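S.K.: In terms of our numbering, the sequence shown opens at residue 7 and continues consecutively.
Note that the Cβ used here is the ideal one computed from N, Cα and C, for glycine as well.
Just so you know, these numbers come straight off a predicted model, no measurement behind them.
Please see the structure below; I have some questions.
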Amino acid sequence: MQGVSILFDTQNLLRLLEGLVVSTEISLISIIISVIGGLILGVLMSMKNKFIYLVLKICLEIVRIMPQIVWLFLFYFGVSKAFDIHISAFTASLIVFSLWGVFEMMDIVRGAITSIPKHQFESAASLGLSKFQIYFYVIIPLATRRLVPGAVNLLSRMIKTTSIVVLIGVVEVVKVGQQIIERNVFTNPMAPFWIYTLIFFLYFAICYPVSKLSKKLEDKWS
Numbered sequence: 007m008q009g010v011s012i013l014f015d016t017q018n019l020l021r022l023l024e025g026l027v028v029s030t031e032i033s034l035i036s037i038i039i040s041v042i043g044g045l046i047l048g049v050l051m052s053m054k055n056k057f058i059y060l061v062l063k064i065c066l067e068i069v070r071i072m073p074q075i076v077w078l079f080l081f082y083f084g085v086s087k088a089f090d091i092h093i094s095a096f097t098a099s100l101i102v103f104s105l106w107g108v109f110e111m112m113d114i115v116r117g118a119i120t121s122i123p124k125h126q127f128e129s130a131a132s133l134g135l136s137k138f139q140i141y142f143y144v145i146i147p148l149a150t151r152r153l154v155p156g157a158v159n160l161l162s163r164m165i166k167t168t169s170i171v172v173l174i175g176v177v178e179v180v181k182v183g184q185q186i187i188e189r190n191v192f193t194n195p196m197a198p199f200w201i202y203t204l205i206f207f208l209y210f211a212i213c214y215p216v217s218k219l220s221k222k223l224e225d226k227w228s
C-alpha cells in the first residue's frame, strides 16, 4: 500500500495526538462551562416568567440559527478588531463553543425540568419548602437523570465540531494533519488519504464510546 509508511512516523503520530488533545481540551472545558451555565439558565427558563423565557428563547434561536463558524469569525476577527483587544484563536474557540453549549444545555435542562410531573412540585410545596429549596433539593436531582444523556451527547457533538477551529488557526488535529500533508505530499502523493483516514479513526475512537455511553444512559434512565 503506497504511502502508508507516513503513518508509522513516530513524530507524525505524536503531533496528531497532541492536536487531538487540543480538540478534546476545547470540548471538555466548554462542556463544563455549558453544564454550569446551562443549568442556571435552564432553571430560569423553566420558571413562570414570560419575560425571562422570551429573552432566553430568542438568545437560543440566535445561537442555533448562526453557524458556529460565523460565531468564530465574529469573535476572533470582529470583536477583537471592534474593541481593539487581542483574543487568541484558542480563547475565541472556547468562547464560541461555551456560548453554543450553554444555550443548548439550557434547552436540555428546561426540557428535563418541564417533564417532571406537576405533583412533585406540589408535594414539595406542601412540605413548606421555598421555591429555591424545591428546585435545589427535589427538581434538579430528579432532572439530572434526564440531563446526563443529553450532556454526554452534546460533548460528542462538540468534539466533532471542533474541527472547524482550524479555520481561525487553532493547531488541533485537522490542522496538524494539514501540516503533515503539506510537508510530505510531493514525496508521498498518498499522504492526504492516509492522514485523513487516521484522523477519521482518531475522531471515531473518541466519539463512538461517548455516543454509546449517551445511548446507554438514555436507555437506562429514560
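Taking H92 as the reference, which of L100, Y82, S99 and I101 has the closest Cα?
M.R.: Here the closest residue by C-alpha is Y82.
S.K.: If the criterion is Cβ atoms closer than 8 Å, does the pair C99 and V171 meet it?
M.R.: Just to set this straight, residue 99 is Ser in the shown sequence, not Cys. Taking 8 Å as the Cβ cut-off, S99 and V171 qualify as a contacting pair.
S.K.: With V28 and V144 assumed to form a contact (beta carbons below 8 Å), what rounded beta-carbon distance in angstroms separates them?
M.R.: Actually they are not in contact, since the Cβ atoms of V28 and V144 sit about 40 Å apart, beyond 8 Å.
S.K.: Under 7 Å Cβ to Cβ from E224, same chain only, skipping five residues before and after it: list those, please.
M.R.: Once the five neighbours on either side are set aside, the close Cβ partners of E224 are P155.
S.K.: Determine, using beta carbons only, whether V3 and V216 come nearer to each other than 8 Å.
M.R.: The structure shown does not extend to residue 3, since the chain spans only 7 to 228, so no value can be given for it.
S.K.: So what does DSSP say about M4, is it helix, strand or coil?
M.R.: The shown model of the chain, from 7 to 228, leaves out residue 4, and the question about it has no answer.
S.K.: Starting from the C-beta of P198, find all residues in its chain whose C-beta is less than 8 Å away, skip the five residues before and the five after it, and write them out in chain order.
M.R.: Once the five neighbours on either side are set aside, the close Cβ partners of P198 are I187 and V191.
S.K.: In whole angstroms, give me the CA-to-CA distance for S36 and S104.
M.R.: Roughly 5 Å separates the two Cα atoms.
S.K.: By how many angstroms is the C-alpha of N194 removed from the C-alpha of V41?
M.R.: Straight-line Cα distance between these residues: approximately 45 Å.
S.K.: With 16 as the cutoff for other CB atoms within 10 Å, does G175 come out buried or exposed?
M.R.: So G175 counts as exposed.
S.K.: Looking only at its chain, what residues have a beta carbon closer than 7 Å to the beta carbon of S220, apart from the 5 residues adjacent to it on each side?
M.R.: Around S220: P155, V158, N159 and S162.
S.K.: When you compare only the Cα positions, how much space is there between P147 and I114?
M.R.: Between P147 and I114, the C-alpha separation is close to 14 Å.
S.K.: List the whole-angstrom C-beta distance separating M112 from M51, where the pair is believed to meet the contact cut-off of C-beta under 8 Å.
M.R.: Contact holds; Cβ gap of about 6 Å.
S.K.: Can you list, in chain order, the stretches of the alpha helix (DSSP H) that have 4 or more residues and sit fully within the stretch 106 to 179?
M.R.: Segments of the alpha helix (DSSP H) lying fully in the stretch 106 to 179: 124 to 132 and 146 to 167.
S.K.: By the 10 Å Cβ neighbour count, where 16 or more other Cβ atoms means buried, how is V10 classified, buried or exposed?
M.R.: Exposed, since its Cβ has fewer than 16 Cβ neighbours within 10 Å.
S.K.: Out of I71, S121 and R21, state which residue places its alpha-carbon closest to the alpha-carbon of W106.
M.R.: Out of I71, S121 and R21, I71 has the C-alpha closest to the C-alpha of W106.
S.K.: Buried or exposed: which applies to V137, given that a residue is buried once 16 or more other Cβ atoms fall within 10 Å of its Cβ?
M.R.: The question names Val, but residue 137 in the sequence shown is Lys. Exposed is the call here.
S.K.: For a quick check, are the C-beta atoms of I212 and I165 less than 8 Å apart?
M.R.: Their beta carbons are under 8 Å apart, which means I212 touches I165 by this criterion.
S.K.: According to DSSP, is D90 helix, strand or coil?
M.R.: Residue state, collapsed to three classes: coil.
S.K.: So the candidates are G117, Y141 and M196; which of them puts its Cα closest to the Cα of F127?
M.R.: Here the closest residue by C-alpha is Y141.
S.K.: Using CA coordinates, which residue listed in E67, T120, L173 and R152 is at the minimum distance from K2?
M.R.: Missing from the structure shown is residue 2; the chain here goes from 7 to 228 and no further.
S.K.: Specify the secondary structure class of P195 as computed by DSSP and reduced to three states.
M.R.: Coil, per DSSP.
S.K.: In whole angstroms, give me the CA-to-CA distance for V182 and L34.
M.R.: Going by the C-alpha atoms only, they are around 20 Å apart.
S.K.: Which value, in whole angstroms, describes the spacing of the CA atoms of R189 and K63?
M.R.: Their Cα atoms are separated by approximately 47 Å.
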